[in-house]
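A.B. asks:
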Amino acid sequence: MSAPPDILCIGAVLWDVIGRATRHMSLGNDVPGRITRVPGGVAMNIAMTLRRFGLTPALLTAIGQDAEGDELIAACDRMGMDTRHVYRSLDLPTDRYMAVEGANGLIAAIADAHSLEAAGARILTPLTDGPLGSAAAPYPGIVALDGNLTEVLLGEIAQNPAFAAADLRIAPASPGKAERLLPFLTAPRATLYVNLEEAGLICAERFADAETAARALQKRGAARILVTDSANPAAAADPSGLITATPPQVMVTRVTGAGDTFMAAHIAAERDGATGAAALDRALQAAAAHISGGAAG
1 MSAPPDILCI GAVLWDVIGR ATRHMSLGND VPGRITRVPG GVAMNIAMTL RRFGLTPALL
61 TAIGQDAEGD ELIAACDRMG MDTRHVYRSL DLPTDRYMAV EGANGLIAAI ADAHSLEAAG
121 ARILTPLTDG PLGSAAAPYP GIVALDGNLT EVLLGEIAQN PAFAAADLRI APASPGKAER
181 LLPFLTAPRA TLYVNLEEAG LICAERFADA ETAARALQKR GAARILVTDS ANPAAAADPS
241 GLITATPPQV MVTRVTGAGD TFMAAHIAAE RDGATGAAAL DRALQAAAAH ISGGAAG
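Heads up: the sequence shown at position 13 corresponds to 13 in UniProt numbering, and the numbers run straight through without jumps.
1) Kindly provide the ranges of any beta strand (DSSP E) runs that are 3 or more residues long and lie completely inside the region 102 to 190, ordered along the chain.
2) Using a threshold of 7 Å, state whether the C-beta atoms of LEU153 and ILE170 are closer than that.
3) Just to check my reading of the structure: SER115 and LEU92 have Cβ atoms closer than 8 Å, yes? What is that Cβ distance to the nearest angstrom?
4) Would the region 54 to 61 count as touching the region 84 to 99 if we require 3 or more Cβ pairs under 8 Å?
5) By DSSP, does GLY241 sit in helix, in strand, or in coil?
6) If contacts are defined as beta-carbon pairs under 8 Å, then LEU196 and VAL227 qualify, I think. What distance do you get, rounded to the angstrom?
7) With DSSP as the reference, please indicate the residues paired to ASP82 in a beta bridge.
8) Which residue marks the beginning of the beta strand (DSSP E) containing LEU90, and which one marks its end?
9) Only counting the same chain, and skipping five residues up and downstream in sequence, which positions put a Cβ closer than 8 Å to that of ARG206?
10) Should the region 99 to 114 be called in touch with the region 20 to 37, which here means at least 3 C-beta pairs below 8 Å?
11) Between the region 247 to 266 and the region 286 to 294, can you find at least three pairs of beta-carbon atoms closer than 8 Å?
12) Which same chain residues end up closer than 6 Å to ARG224 when comparing Cβ atoms and leaving out the 5 residues on each side of it in sequence?
13) Just to confirm the assignment, what range does the beta strand (DSSP E) spanning GLY40 have?
14) Report yes or no: do the region 148 to 163 and the region 122 to 129 share at least 3 C-beta pairs separated by less than 8 Å?
15) Between which two residues does the beta strand (DSSP E) harbouring ARG224 extend?
16) State the Cα-Cα distance for the pair PHE184 and VAL17, rounded to the nearest angstrom.
17) Could you tell me whether the Cβ atoms of TYR139 and GLY130 are closer together than 7 Å?
18) Near GLN249, what residues of its chain come up, given a Cβ to Cβ distance below 6 Å and the 5 sequence neighbours on each side ignored?
19) State the DSSP-derived secondary structure class of ALA199, mapped to helix, strand or coil.
20) Measuring straight from C-alpha to C-alpha, what distance separates ALA137 and ALA158?
21) If ASP95 sits next to PRO57, beta carbons under 8 Å apart, how far is it from one beta carbon to the other, in whole angstroms?
22) Taking only the alpha-carbon atoms, compute the straight-line gap between PRO188 and GLY69 and give it to the nearest angstrom.
23) Check for me: the alpha helix (DSSP H) holding LEU280 runs from which residue to which?
24) What does DSSP give as the partner residues of MET98 in its beta bridges?
25) Inspect the beta-carbon positions of ALA12 and ASN148 and report whether they are closer than 7 Å.
26) Report the three-state DSSP secondary structure of LEU192 (helix, strand or coil).
27) Would HIS290 pass as a contact of THR261 if the rule is Cβ separation under 7 Å?
28) Using the rule of at least 16 other Cβ atoms within 10 Å of the residue's Cβ for burial, across every protein chain shown, is ALA204 buried or exposed?
29) Could you check which residue in ASN160, LEU8, THR36 has the C-alpha nearest to that of VAL42?
30) Rounded to whole angstroms, how far is the Cβ of ALA106 from the Cβ of VAL252, which I believe are closer than 8 Å?
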């Protein structure tokens, strides 16, 4: 692969181990279901959706030089992703994520992204001092950034001149990591993709709906924000105003990766020229297709 990528996806690329049951679950339940292992992680989920929309993403991440890492790189290559710039560590194992889902949604999850965190700024070298860009020649395209990076590294990215020309699209890896996005809250070229809980954590308050959350983030200096709230109306805000839209009502068969699919579909829609309500609607449609077990795109 020699053509330049359409977008950079920076963050977690790992194996998702997901257990799904078709019945409602609560703490301590032991029920029949299906267990799968598939490529995942925020950056990977975004990249997979971008591929379904015909875009070629390049991955900037850490993947071990172990058997699981070799399998993961091969899977990425088969899907048409650019893996030339992946940091392959000799001493760090390939990361993993494990989740249990029931008919009532996500029951519990553990993200083991310690290798990504340990690799730190080494995953950014192709962009900060390499073939993709540098401080003297900043990368001018779209960068999808996930909150699995450490708070220190995210803070450095927010100030790094190598990112000064980039169209930054940023999402937390989970509500527990939402506050890591604070360095980007007032960044003029950043778009934040958060759910209602994550918006509340960033603002240190609770919100009744996505519209209220988006307005609060605007008051705190955010240039562009998209806030989702499960099956309730989502909101998108930028200097031109604020819009809301209600997601399609679908049967929920999976939830892991829904937010990443929403973000990727919105990016793809805007890259195709869609704006405002049209881009938001396409993102909600893609997320609904993902949740119901269909394909986005």
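We put the CB at the ideal spot given by N, CA and C, even for glycine. Given the structure is predicted, the values throughout are model-derived calculations rather than measurements.
C.D. replies: On the basis of the coordinates in this document:
1) 105 to 112, 142 to 146, 167 to 171
2) no
3) So it is a contact: roughly 4 Å between Cβ atoms.
4) yes
5) strand
6) 6 Å
7) ALA58
8) Per DSSP, LEU90 belongs to no beta strand (DSSP E) and is neither H nor E.
9) GLY200
10) yes
11) yes
12) THR191, ASP238
13) 34 to 40
14) yes
15) 224 to 229
16) 31 Å
17) no
18) So no residue of the chain qualifies.
19) helix
20) 16 Å
21) Contact doesn't hold; Cβ gap of about 18 Å is too wide.
22) 36 Å
23) 276 to 291
24) VAL17, ILE110
25) Against a cut-off of 7 Å, the Cβ pair of ASN148 and ALA12 comes out as a contact.
26) Here LEU192 sits in strand by DSSP.
27) Result yes, Cβ atoms of HIS290 and THR261 sit closer than 7 Å.
28) exposed
29) LEU8
30) First, the residue type needs correcting, since residue 106 is Leu and not Ala in the sequence shown. So it is not a contact: roughly 10 Å between Cβ atoms.
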